[in-house]
Amino acid sequence: QWAFAIHDRKRQEVFLSRDRMGIRPLVYTQTQGRLSFASEVKALFALPDVKREVDLKSLNELFTFWSPLPPRTFFAGVNELPPAHSMIVKNGQVKIWQYWHLDYQPNEESRSLDDWADELRELLINATQLRLRADVSVGAYLSGGLDSSVTAAIIRNYTNAPLNTFSVNFNDKDYDESSYQQEMIRELGTDHQTVCCSYEDIGRIFPTVIQHTEKPVLRTAPAPMYLLSKLVRDSQFKVVMTGEGADEVLGGYDLFKETKIRRFWSRQPDSAIRPLLLKRLYPYMKNLQAQSPAYLKAFFKIRQDELDSPFFSHLPRWDLTSKLKSFFSNDVKQQLVNQDPLADFESQLPQQFSEWPSFCQAQYLESINLMPGYILSSQGDRMAMGNSIEGRFPFLDYRVVEFASRVPVRFKMNGLNEKYLLKYAMRDLIPESIRKRPKQPYRAPDAHSFIDTETQSARFEYVNHLLSAEKLQDNGLFQPEAVQRLVKKMEQGRAIGTRDNMALVGILSTQLLVEQMIHGQTVSTNPTRHSSAISLT
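To get this note's numbering, take the position in the sequence shown, counting from 1, and add 416.
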């Protein structure tokens, strides 16, 4: 994992490169015949001739895919070097090329499950051992899920390194996984530390988080990760191992199950039985689970007839996210009228994409978009490095990734059993209760972190300020009336769903970015007077 630049004085050229999966950031801008580069946009904004403007196309893409499409960033005129790309600058000319490609060629020959499992296990052990090399103490995140448990179990069983683990807990039990964490702590005998997050903790640190993400986010999940990396730093650690990448590489997301069910359903679209499988999706989303079968059928049937679309797997998700654009101001909508984010994305797909199995197509879309643009960036490296912590990712070792691209789909997703090969390969290291627990991706409380339904008010001054009609009007990105209705709905404690949560976080984080990085203003994280009075009693 890397992002670096080398100046060759003899050749009078600069060579820049970024790692294969996009773990480390590298941004650059060209002004007045000069190329400037850095790991953060803030460093470029320190230069007097770099303009501070929002790239509206980037905003449009982020409110579709959760992240802009490389090379765009949130800021006009500032680009990022895409993952697995290098650049040479010489004589005023810039040359960029891709040096490594994800390719999916599942090997369907008569190789046994045990053979595949043995090779995966050996690769993961080696990748973990390699990433333990350091001149400083190395810790490990332990979420209670399969992936971080595998990493921690390998450290315990195949190295002599001390095992110090760290995790996030939540006061809101809908998000808390501490019972599973405790099981792995007992199993492995780790020296464990925890940070427990309340709504107030998340809302209070959110402006700092957005200063580090340097792009809007649609979830608050990066905030607890920032607090967790702070705990790691305060515990005198500099490096931490994580389980990120396993879902993308080995087929763990519910999205992959969803795609499989939707394709199965499409063969008999009038079936009353096949859509019932949708109830097995997203067990952690109470709002969705509470819906009637008719609602589930209507939601997941979105663009069900577009089986030939390269984006079939992601269309329901992107359709839901795109609904947030209804909050865009009329001026923004007008400026974006001719931009088609899906067409732009399709133009970036490799020629061989159509030859891959549909499951692998979905894996690819996750691996080149959401993973580098959000998981490894906003929620990963930028939260860790915000506290000077280096994250390391055994599942993203390029040998593991290339191996997984050859694994038959049936060993990644066995029926609707996700990451089947990983579970099988590690069955003697991981308790059955962890291997067979329902999939629950890491999440954090969203709207409740900013809005207190008991006092029917915002928890912090900056929320009131940035979501005020005046400030929304000044920035010109969102419709003040629509945002005010959304806030009022939340203050009144009315039922809100995924769309409303994403809208609030997306709008607030965008407003924070404009305030802090475009206007250069600080924001107050003081509690509102009402909230302060309540807390004192």
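Ideal placement from N, C-alpha and C gives every residue a C-beta, glycine not left out.
Tell me the DSSP secondary structure of Gln509 in three-state form. strand
Taking Leu736 as the reference, which of Lys695, Arg843, Met918 has the closest Cα? Met918
Using three-state DSSP, classify Gln750 as helix, strand or coil. helix
Let me know the secondary structure DSSP gives Ile571 once reduced to three states. helix
Residue environment, Val823, which counts as buried when at least 16 other CB atoms sit within 10 Å: buried
Can you confirm whether the region 466-483 touches the region 931-941 when touching is taken to mean that 3 or more C-beta pairs between the two stretches lie within less than 8 Å? yes
If you measure between the beta carbons of Phe819 and Leu529, is that distance less than 8 Å? no
Name the residue from Lys473, Met799, Lys426 whose alpha carbon lies nearest to the alpha carbon of Val753. Distances from the alpha-carbon of Val753 to those of Lys473, Met799, Lys426 put Lys473 closest.
By a C-beta neighbour count over all protein chains shown, 10 Å radius and 16 as the cutoff for buried, is Leu952 buried or exposed? Low per-residue confidence applies at Leu952: pLDDT is 34, beneath 50, and the placement is therefore not dependable enough to give any value.
What are the boundary residues of the beta strand (DSSP E) that includes Tyr444? 443-447
Residues bridged to Pro943 by DSSP? Phe876
With distances taken from CA atoms, which of Val505, Leu539, Leu924, Arg488 is nearest Arg425? Val505
From Asp686, Thr675, Arg683, Gln684, pick the residue whose C-alpha is nearest to that of Leu694; which is it? Thr675
Which same chain residues, not among the five before or five after Leu781, have their C-beta less than 6 Å away from its C-beta? Counting only Cβ-Cβ distances below 6 Å, and skipping sequence neighbours, we find His730.
Per-residue DSSP class, three states only, for Leu634: coil
Val655 to Ser725 span [Cα, whole Å]: 42 Å
In angstroms, rounded to a whole number, what distance separates the CA positions of Leu432 and Phe811? 25 Å
With a threshold of 8 Å between beta carbons, is Ile689 in contact with chain D? In summary, chain D is missing from the structure at hand, where a single protein chain is found.
Measuring only the C-alpha atoms, how far is Val825 from Arg853? 21 Å
Could you tell me the alpha carbon to alpha carbon distance between Ser793 and Gln755, rounded to whole angstroms? 25 Å
Using a Cβ-Cβ cut-off of 8 Å (strictly less than) and excluding sequence neighbours within five positions of Ala577, which residues of its own chain qualify? Leu548, Val554, Ile571
Hey, Arg696 and Leu832: beta-carbon distance below 8 Å or not? Yes; because the gap between Cβ atoms is below 8 Å, this pair is in contact.
Grouping DSSP H, G and I as helix and E and B as strand, with all else coil, what is Leu837? helix
For the beta strand (DSSP E) that contains Thr489, what are its first and last residues? Premise fails: Thr489 is in no beta strand (DSSP E) and is neither H nor E.
Could you pull out every residue in the same chain whose Cβ sits closer than 6 Å to the Cβ of Ile959, ignoring the five residues on either side in sequence? With the chain covering only 417 through 953, there is no way to say anything about residue 959.
Measure the C-alpha to C-alpha separation of Glu616 and Glu538 and round it to an integer number of angstroms. 43 Å
Return the first residue and the last residue of the alpha helix (DSSP H) that Val817 is part of. 814-820
Identify which residue in Val748, Phe775, Asn785 has its Cα closest to the Cα of Phe761. Asn785
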